[in-house]
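Reading through the C-alpha coordinates given below for one structure.
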Amino acid sequence: MSDNDYKLFVCVQCGFEYDEAKGWPEDGIDPGTRWDDIPEDWSCPDCGAAKSDFEMVEVSRP
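Residues in the sequence shown are numbered from 1 upward in steps of one, following full-length UniProt numbering.
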(Lines of atoms letter the chains of each structure in order from A and count residues from 1; the text may use other names and numbers.)
(Lines give C-alpha, C1' and ligand atoms only; values in the text may rest on other atoms or scores of the structure.)
Protein backbone atom coordinates (compact mmCIF):
# COMPACT_ATOMS: atom_id res chain seq x y z
CA MET A 1 0.00 0.00 0.00
CA SER A 2 1.41 3.40 -0.89
CA ASP A 3 1.48 6.46 1.35
CA ASN A 4 -1.17 7.94 -0.95
CA ASP A 5 -3.67 5.38 0.38
CA TYR A 6 -3.33 6.50 3.99
CA LYS A 7 -5.38 9.23 5.67
CA LEU A 8 -4.52 12.09 8.00
CA PHE A 9 -6.56 12.90 11.11
CA VAL A 10 -6.28 16.15 13.06
CA CYS A 11 -7.26 16.83 16.67
CA VAL A 12 -9.84 19.64 16.63
CA GLN A 13 -8.72 20.70 20.12
CA CYS A 14 -4.99 21.26 19.55
CA GLY A 15 -4.12 20.47 15.93
CA PHE A 16 -2.10 17.29 16.60
CA GLU A 17 -1.89 15.22 13.40
CA TYR A 18 -2.18 11.44 13.22
CA ASP A 19 -0.90 10.14 9.90
CA GLU A 20 -1.85 6.52 9.21
CA ALA A 21 1.31 6.08 7.12
CA LYS A 22 3.53 7.08 10.06
CA GLY A 23 1.51 5.69 12.96
CA TRP A 24 2.44 6.85 16.45
CA PRO A 25 5.21 4.56 17.75
CA GLU A 26 5.41 6.53 21.01
CA ASP A 27 2.02 4.99 21.91
CA GLY A 28 2.79 1.61 20.34
CA ILE A 29 0.86 2.36 17.13
CA ASP A 30 2.86 0.99 14.22
CA PRO A 31 3.24 2.79 10.89
CA GLY A 32 0.42 1.77 8.56
CA THR A 33 -2.14 1.45 11.38
CA ARG A 34 -5.56 2.53 10.14
CA TRP A 35 -7.57 5.01 12.19
CA ASP A 36 -10.34 2.45 12.62
CA ASP A 37 -7.83 0.02 14.17
CA ILE A 38 -6.78 2.41 16.93
CA PRO A 39 -8.56 1.63 20.23
CA GLU A 40 -11.56 3.83 21.00
CA ASP A 41 -10.03 4.78 24.37
CA TRP A 42 -6.90 6.21 22.71
CA SER A 43 -6.48 9.93 23.32
CA CYS A 44 -4.52 12.76 21.77
CA PRO A 45 -0.90 12.58 22.98
CA ASP A 46 -0.66 16.38 23.11
CA CYS A 47 -3.89 17.48 24.81
CA GLY A 48 -5.70 14.31 25.92
CA ALA A 49 -8.73 14.84 23.66
CA ALA A 50 -10.78 11.76 22.82
CA LYS A 51 -10.40 9.89 19.53
CA SER A 52 -13.85 11.22 18.61
CA ASP A 53 -12.37 14.76 18.66
CA PHE A 54 -10.31 14.04 15.54
CA GLU A 55 -11.40 14.83 12.00
CA MET A 56 -10.08 13.42 8.76
CA VAL A 57 -8.51 16.00 6.48
CA GLU A 58 -7.77 15.81 2.79
CA VAL A 59 -4.08 15.48 2.14
CA SER A 60 -2.25 15.64 -1.14
CA ARG A 61 0.82 13.44 -1.21
CA PRO A 62 3.42 13.62 -3.95
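By construction, the Cβ of each residue, glycine as well, lies at the ideal position given by its N, Cα and C atoms.
Taking the alpha-carbon of residue i as reference, which of the options has the nearest alpha-carbon?
i, options, result
"Asp-37", "Gly-15, Cys-11 and Lys-51", "Lys-51"
"Ala-49", "Asp-19, Val-59, Val-12 and Glu-26", "Val-12"
"Arg-34", "Ser-43, Asp-41 and Trp-24", "Trp-24"
"Glu-40", "Glu-20, Tyr-6, Ala-21 and Asp-53", "Asp-53"
"Cys-47", "Lys-7, Gly-15 and Phe-9", "Gly-15"
Just curious, the beta strand (DSSP E) that residue i is in, first and last residue?
i, result
"Cys-44", "Per DSSP, Cys-44 belongs to no beta strand (DSSP E) and is neither H nor E."
"Val-12", "Note, Val-12: premise wrong, no beta strand (DSSP E); not H, not E."
"Val-57", "54-57"
Assuming residue i and residue j form a contact by the criterion Cβ under 8 Å, report the distance between their Cβ atoms to the nearest whole angstrom.
i, j, result
"Glu-26", "Pro-45", "7 Å"
Which residues does DSSP pair with residue i in a beta bridge?
i, result
"Trp-24", "Ile-29"
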